[in-house]
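Counting in my numbering, the sequence shown runs from 2 upward without gaps.
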Amino acid sequence: MDTHAMLSKILKATKPEEIFTQLDFKKEYLSYQKIFHPDVCHLPEANEAVKKLNSFRDQMEESNKIKDDAGTIEQATEKKLVFRGDKDLLLKSMENFQKLIRLNDDSAKHFRKYLPQAMEYREETLYVFMEEKAVPVYNLTLPQEHITWFTSRMFEFTAWLHQVGYCHAGINPASVSIVPETHGVVFTSFYHLQPLHSQLKTISAKYLDWYPDLVFKNKQAIAYIDLNLVQRTALYVLGDKSGNGIRLKKDNNEFLIDFLITPHYEAYKTFDEYRNLLRSLFGKPKFHKLEL
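Set out below in structure tokens:
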């Protein structure tokens with residue numbers, strides 16, 4: 002793309018994502034600055050382009066500030082997240098992660114792809130390492146063609162988690178990352194993980210209003226909690242940041258939305274019904290390239 006075309010693209014852009022990618026925006030910003038800074042570029046609208054680039058950079062930096070129950074999350078590299086904050090919660094997350102990776106039956110080996118490669122706590126910081134490039138879904142909005150497989154992955158992981166006897170109890174946009182190249186999903190925090198059907202000890206304070214009323218009545222770690230949180234996370238990434246499924250574009254498939262706002266109580270049954278729904282609505286699965 003030549004300089005004039007790049008300038009036109011910047012001036013026409015209405016949001017940062019049209020110019021920058023989430024992980025590399027700082028490098029991309031510097032590259033644009035080297036081209037369009039008034040000291041080196043004398044095109045009439047270069048100064049206006051620099052102002053827009055500055056604004057877009059600030060917006061990207063703000064959107065990359067992730068807050069969760071323990072404190073803050075920073076994307077250090079494509080394959081590393083840095084968690085800082087409440088030491089007890091961070092250590093609990095790592096402890097629960099280690100419980101899951103110690104499972105070694107055949108199904109556990111398959112579902113290992115939904116977990117980080119490793120966690121390491123040092124100097125009051127929890128480092129979470131991934132095998133592939135992974136992007137937190139916090140502040141992310143994706144079209145329906147990606148929500149379909151993203152939600153399917155979350156349902157599948159939840160079904161396995163319940164099969165091995167655990168309830169996550171804290172699925173939300175700050176605890177899930179997406180792997181764009183392979184259409185994968187990685188769950189990156191486990192603050193509230195506990196045995197399924199046990200007394201519910203903790204839930205997410207940040208996403209307190211995402212939990213169904215039944216949680217506060219029965220205080221049990223049941224499958225319904227995780228399924229409800231998966232659905233709300235899916236609706237959040239589809240565009241309704243409340244997770245309620247009310248503020249969405251009208252061109253989304255009504256049967257898909259209806260499934261995501263309907264209560265579900267059994268994880269594997271829900272996963273199976275969801276896959277059947279996708280086949281009936283959209284036919285054979287297609288791989289839609291996702292660039293983040």
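Cβ coordinates follow ideal geometry from the N, Cα and C atoms, glycine included.
Between residue i and the rest of its own chain, which residues show a CB-CB distance below 8 Å, the 5 nearest in sequence each way excluded?
i: Arg154; result: Tyr115, His184, Gly185 and Val186
i: Ser108; result: Trp161, Gln164 and Val165
i: Glu292; result: Thr22 and Pro181
i: Gln221; result: His198, Ser199, Gln200 and Leu201
i: Glu29; result: Ile20, Phe21 and Thr22
i: Glu46; result: Leu8 and Leu12
i: Met120; result: Ser94, Met95, Phe98, Gln99, Leu127, Tyr128, Val129 and Phe130
According to DSSP, is residue i part of a helix, a strand, or is it coil?
i: Tyr208; result: coil
i: Arg123; result: strand
i: Val41; result: coil
i: Gln34; result: helix
i: Gln221; result: strand
What does a CB cutoff of less than 7 Å around residue i pick up in its chain, not counting 5 residues either side in sequence?
i: Leu215; result: Tyr225
i: Lys93; result: Tyr192
i: Gly86; result: Ala71, Gly72 and Thr73
i: Tyr139; result: Ile67, Pro174 and Ala175
i: Phe57; result: Pro17, Ile20 and Phe21
Going by the CB atoms, is the gap between residue j and residue i shorter than 7 Å?
i: Glu146; j: Phe272; result: no
i: Ser82; j: Thr189; result: Just to set this straight, residue 82 is Leu in the shown sequence, not Ser. Cβ atoms of Leu82 and Thr189: closer than 7 Å.
i: Trp211; j: Gly171; result: no
i: His169; j: Asp227; result: yes
i: Ile262; j: Gly246; result: yes
i: Leu54; j: Tyr33; result: yes
i: Phe84; j: Leu91; result: yes
i: Asp241; j: Arg248; result: yes
i: Leu101; j: Val238; result: no
i: Pro117; j: Val129; result: yes
i: Met2; j: Phe26; result: no
i: Leu279; j: Phe256; result: no
i: Thr159; j: Val51; result: no
i: Tyr167; j: Leu143; result: no
Can you name, in chain order, every residue of its own chain whose Cβ lies under 6 Å from the Cβ of residue i, other than the five neighbours on each side?
i: Glu133; result: Val180
i: Leu371; result: Because the chain is modelled from 2 through 293, residue 371 falls outside the range shown and cannot be assessed.
At the 7 Å Cβ level, is residue i part of the contact set with chain C, yes or no?
i: Leu54; result: Absent here is chain C; the protein component of the structure consists of one chain.
Stretch pair the segment 189-209 + the segment 65-79: three plus CB contacts closer than 8 Å: yes
Ranges of the alpha helix (DSSP H) found wholly within the segment 51-92, counting only runs of at least 4: none
Every unbroken alpha helix (DSSP H) inside the segment 253-290 [4 residues or more]: 255-262 and 268-283
Ranges of the alpha helix (DSSP H) found wholly within the segment 131-213, counting only runs of at least 4: 145-164
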